[in-house]
Amino acid sequence: MALELRSSRRNFLAGLGGFAAATRLMPVPALAFEAGRCPPPSAWRDLARAVKGGVLRPEDPFFADTCRPNNLRYGATLPAGIARCVGAQDVQACLRWVTAQGMPFAVRSGGHNYAGFSTTPGLLIDMSRMAGVAPVAGSDSLVTVQGGTLNLLAYKQMERLGRTITHGRCDTVGAAGFLLGGGIGFNMRKFGIGADLMRATELVTADGHRVRADATTESDLFWACRGGGGGNFGINTAFTLDTRPVGAVTVFDLTWSKDLPKVLKLLLTELASAPDDFGSKIAVTIPSRPEGCAPGPVTLSILGQLHGSTHALKDIFKSTWEMVDTGRSQIKADVPYWQGQDFLTETTFPYYYQEKSSYMRAASIGDEAIAAMFDWAEKMPATSMPVCFKFFQVGGAIDRVGRTDTAYVHRGADWLFTVEANWWSPTDSTLQVAQALDWQQRFYDDVNRRTGAVGAFQNFSDPSLADWQGAYYGENLARLSEVKRAVDPGMLFTFAQAIRPAETARIGRNPSPALPGGARREAEAVERLP
1 MALELRSSRR NFLAGLGGFA AATRLMPVPA LAFEAGRCPP PSAWRDLARA VKGGVLRPED
61 PFFADTCRPN NLRYGATLPA GIARCVGAQD VQACLRWVTA QGMPFAVRSG GHNYAGFSTT
121 PGLLIDMSRM AGVAPVAGSD SLVTVQGGTL NLLAYKQMER LGRTITHGRC DTVGAAGFLL
181 GGGIGFNMRK FGIGADLMRA TELVTADGHR VRADATTESD LFWACRGGGG GNFGINTAFT
241 LDTRPVGAVT VFDLTWSKDL PKVLKLLLTE LASAPDDFGS KIAVTIPSRP EGCAPGPVTL
301 SILGQLHGST HALKDIFKST WEMVDTGRSQ IKADVPYWQG QDFLTETTFP YYYQEKSSYM
361 RAASIGDEAI AAMFDWAEKM PATSMPVCFK FFQVGGAIDR VGRTDTAYVH RGADWLFTVE
421 ANWWSPTDST LQVAQALDWQ QRFYDDVNRR TGAVGAFQNF SDPSLADWQG AYYGENLARL
481 SEVKRAVDPG MLFTFAQAIR PAETARIGRN PSPALPGGAR REAEAVERLP
C-alpha cells in the first residue's frame, strides 16, 4: 500500500483518538444485510448475554469506527452486529449463534485484509480485545500471542522481553492474519517467515471445539495454519511463537534520483547475494497525477535493516552505494533493535486500493523487463494518489524450509514483486478507477511474462486473480483441501477465496500428485527457475 506515515510507536496511541474522531465524520453506508433475514431482537439479546465482551449494533456509539476496514473499497459492507470477544468462550458462543441463526460472519482483528474478506453483512467477530504477549513458563524463548493482538501492542511487549520475531512494519495489522498467511518482514531472511517461528496454535473449529495444534497433536491442522491463510480452518485464539534475542541494528532509508533503471537492475541483482542479516524493500514511487497533467518524476528508494556490524552497508550495496542521493537518505547505525523499529514502523490510514503480487528470481530480471517497468510507470493513468511498484527481499532462511514443510509454498525466490492501484476518494470517477485497475493488470501481466514470475502472496489478497488457488498455494493446495475436508467439510468458514474441501480426504497421506492446473504450473515453474 502506498499511503504510509512513518510514526513512532510511542507517539501513535496519542494521535489515534484524533484520527478516530476525524474519520467518524465520514458518511456511513446503509447496511448491506437484508433486513428481513436479520435475526429478531431477542436473538441479539441472547448473543449479548453469551458474549462477555458485549455486542455492538448499528445504533451504538463507535459502531462505524469499529467495523470500518482498512481498504475503503469494501467499506459499504456493514455488519448487522459486532461481537467483541474477550476469550475463546466468546468465540465459541459466536459460532454457535451464527450456526443457529444461519447468518454469515467474518472474523477481524486489524481489518487489513486487502480484498475485504474481514467484512460481512452478518456478524463481525471482533478479536481485538483478545490481545497480549506473555512468556511461556519454563521457556527462555517461547511466548504466547493472543489471537486479536495488533502489531503495535506486540512490539511494545516484545520490547519489554528483549525479544523479537519476524514481524511486519504496519502497527495496526493483526498478528493472526499476519501469521496464518505466512508473515513477511525485514527479519525473514534471518529467522524465516513469521509462520516458521510458530510452534503451536489454539483455535475454535467449525464444530465449536477448542483445539490445540502443534507438530505432534493435530499436526495436519498445524501444518495448514502455517501459511494456509486466515479464515479457512477455524478462529485462531492464540499462537505460541519461538522468539529471538535482540541486538543492535543499522536501519536505512536510501533514495536515488538519477539513472533509476540502471540502479534498480543493480539493486535487484547485487542484493540477491546479501547476507541473511540484511532485509530490504525497494519501492519505485509514481506520484499522483491529476487529469490532463503530465506525469511527475518517479523516485526509487530502499528501506531496510542490517543486524549486527559484521558487514558494512557500502559493501552490501556495492556499485549503487556511490549513486545514493545523500540529501534525501537516512542511516541510523548500530541502534538498539526496537529503536530501529521506531524508524521503520509505518501507520496506514484507510483508503481505496488493490495490490497484485508475484515471486521472481533476480537472474530472470533482465534489462528489457526493467525498461518495461519504467515504461509502464510513464503510462500510469490519472490518479488521486501516488502508486508504487515494490520488491520485498526474500530468500535466506526462508529457503531453508521446504516448499511442502509448511503450507507456505513460496520458497526459492529472491524478490516478492507487487504493483498497486490506489485512489484516495470515493469521488474518483468510475472511469478513473477502471483505467487504474486495467493499467495495473497489464503492468502485472507484462512483468510476469518478461521475468517468469510465479505465484502470489496469500496475505496480499487479490480479488482479480483468476487462478488464486494455484498462485497462493501451489502444490500444497491438495493437502490444504484435505485438511479443510477434515475440519470444516460444511464450509462454515467461507469467503470468496476460501479453500474448499477435497471430495475425499485422508489426513496424513501425501498430497495428491494430480495437482490442479495452477498449482502444477507454479511447481513446475519454480523447478525451472535458475
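Each residue of the sequence shown is one higher than the one before, counting from 1 in UniProt numbering.
Built from N, CA and C at the ideal position, the CB exists for glycine as well.
Every value quoted in this text rests on a predicted model; they were computed, and no experiment measured them.
**Study point:** Opposing strand residues paired with M360 [DSSP bridges]
**Key:** Within the sequence shown, residue 360 is the residue found at index 360, counting from 1. DSSP, once it has assigned bridges, lists W415 as partnering M360.
Point to revise | Integer-rounded CB distance, given that F63 should sit under 8 Å from L56 | key: If you number the sequence shown from 1, residue 56 lands on position 56. If you number the sequence shown from 1, residue 63 lands on position 63. Correct: roughly 5 Å between the Cβ atoms.
Practice item. Look at the Cβ atom of R199, then the Cβ atom of T240, and state whether they are nearer than 8 Å. Key: Locating residue 199 in the sequence shown gives position 199, counting from the first residue. Locating residue 240 in the sequence shown gives position 240, counting from the first residue. Yes, the pair counts as a contact, with Cβ atoms nearer than the cut-off.
Practice item. Could you have a look at A248 and say whether DSSP puts it in helix, strand or coil? Key: Counted from its first residue, the sequence shown places residue 248 at position 248. Strand, per DSSP.
Exercise for review: Starting from Q393, follow the beta strand (DSSP E) in both directions and report where the run begins and ends.
Suggested key: Numbered from 1 along the sequence shown, position 393 holds the residue referred to as residue 393. Run containing Q393: V387 to Q393, per the beta strand (DSSP E) assignment.
Exercise for review: Enumerate, from N- to C-terminal direction, the unbroken beta strand (DSSP E) stretches of 3 or more residues contained entirely within the region 137 to 172.
Suggested key: Counting only runs of 3 or more, we get 142 to 146.
Exercise for review: Please say whether F178 and R244 have beta carbons closer to each other than 8 Å?
Suggested key: Along the sequence shown, one-based indexing puts residue 244 at 244. Along the sequence shown, one-based indexing puts residue 178 at 178. No, these two residues do not count as a Cβ contact at 8 Å.
Check your understanding: Looking only at C-alpha atoms, which of T99, R45 and W256 sits nearest to M491?
Key -> Position 491 of the sequence shown holds residue 491. Of T99, R45 and W256, the residue nearest in Cα terms is T99.
Exercise for review: For T451, name the three-state secondary structure that DSSP assigns.
Suggested key: As a first step, residue 451 must be located in the sequence shown, where it is residue number 451. If DSSP states are grouped into helix, strand and coil, T451 belongs with the helices.
Practice item. Would you be able to state if there are at least three C-beta pairs under 8 Å between the region 210 to 230 and the region 480 to 497? Key: yes
Practice item. Provide the residue(s) that pair with residue 534 in DSSP beta bridges, ordered along the chain. Key: This structure gives no information on residue 534, because the portion of the chain shown stretches from 1 to 530.
**Study point:** Cβ neighbour criterion (16 or more within 10 Å) applied to W423
**Key:** Here residue 423 corresponds to residue number 423 of the sequence shown, with the count starting at 1. Buried, because 16 or more other Cβ atoms sit within 10 Å of the Cβ of W423.
Check your understanding: When the Cα of residue 538 is compared with those of I193, C94, V136 and A134, which residue comes out closest?
Key -> Outside the displayed span of the chain (1 to 530) sits residue 538, for which this structure offers no information.
Practice item. Report the rounded CA-to-CA distance for A471 versus A456, giving the unit in angstroms. Key: Taking the first residue of the sequence shown as 1, we reach residue 471 at position 471. Taking the first residue of the sequence shown as 1, we reach residue 456 at position 456. C-alpha separation (whole angstroms): 5 Å.
Point to revise | Where R57 falls: helix, strand or coil (DSSP) | key: Walking along the sequence shown from the start, residue 57 turns up at place 57. Of the three classes helix, strand and coil, the one that applies to R57 here is coil, per DSSP.
Exercise for review: Just mark Q330 as buried or exposed, buried being the case when its beta carbon has 16 or more other beta carbons within 10 Å.
Suggested key: The count along the sequence shown starts at 1 and reaches residue 330 at position 330. Flag for Q330 reads exposed.
Review point. When you compare only the Cα positions, how much space is there between Q89 and D220?
Key: Working through the sequence shown from its first residue, we reach residue 89 at position 89. Working through the sequence shown from its first residue, we reach residue 220 at position 220. Taking the straight line from one Cα to the other gives about 24 Å.
Review point. Nearest to S358 by alpha carbon, out of R411, P350 and G340?
Key: As a first step, residue 358 must be located in the sequence shown, where it is residue number 358. For the residues R411, P350 and G340, the minimum Cα distance to S358 belongs to R411.
Exercise for review: Kindly give me the distance between the Cβ atoms of S288 and P426, rounded to whole angstroms, as I take these residues to be in contact under 8 Å.
Suggested key: Here residue 288 corresponds to residue number 288 of the sequence shown, with the count starting at 1. Here residue 426 corresponds to residue number 426 of the sequence shown, with the count starting at 1. Not confirmed; about 16 Å, so no contact.
Review point. For E420, is the classification buried or exposed, using 16 other Cβ atoms within 10 angstroms of its Cβ as the cut-off for buried?
Key: Here residue 420 refers to the residue found at position 420 of the sequence shown. E420 is buried by the Cβ-count criterion.
Practice item. Run the CB neighbour count on R49, radius 10 Å, all protein chains shown included, and call it buried at 16 or more, exposed below. Key: The residue you call residue 49 lines up with position 49 of the sequence shown. The residue in question, R49, is exposed, as its Cβ has fewer than 16 Cβ neighbours within 10 Å.
Point to revise | Element boundaries [beta strand (DSSP E), containing M198] | key: Here residue 198 refers to the residue found at position 198 of the sequence shown. Bounds of the beta strand (DSSP E) holding M198 are M198 to V204.
Review point. Taking the continuous beta strand (DSSP E) assigned at V335, which residues delimit it?
Key: Locating residue 335 in the sequence shown gives position 335, where the first residue counts as 1. Segment Q330 to P336, the beta strand (DSSP E) holding V335.
Practice item. May I have the straight-line CA-CA distance separating N113 from G75, to the nearest angstrom? Key: Start at 1 with the first residue of the sequence shown, and residue 113 comes out as number 113. Start at 1 with the first residue of the sequence shown, and residue 75 comes out as number 75. Those two C-alpha atoms are separated by around 12 Å.
Check your understanding: Under the DSSP definition of a beta bridge, which residues are partnered with I125?
Key -> Reading the sequence shown from its first residue, position 125 is the one you call residue 125. Answer is A83 and V107.
Review point. How should D414 be labelled, buried or exposed, when 16 other C-beta atoms within 10 angstroms of its C-beta is the threshold for buried?
Key: Translated into the one-based positions of the sequence shown, residue 414 becomes position 414. Buried is the call here.
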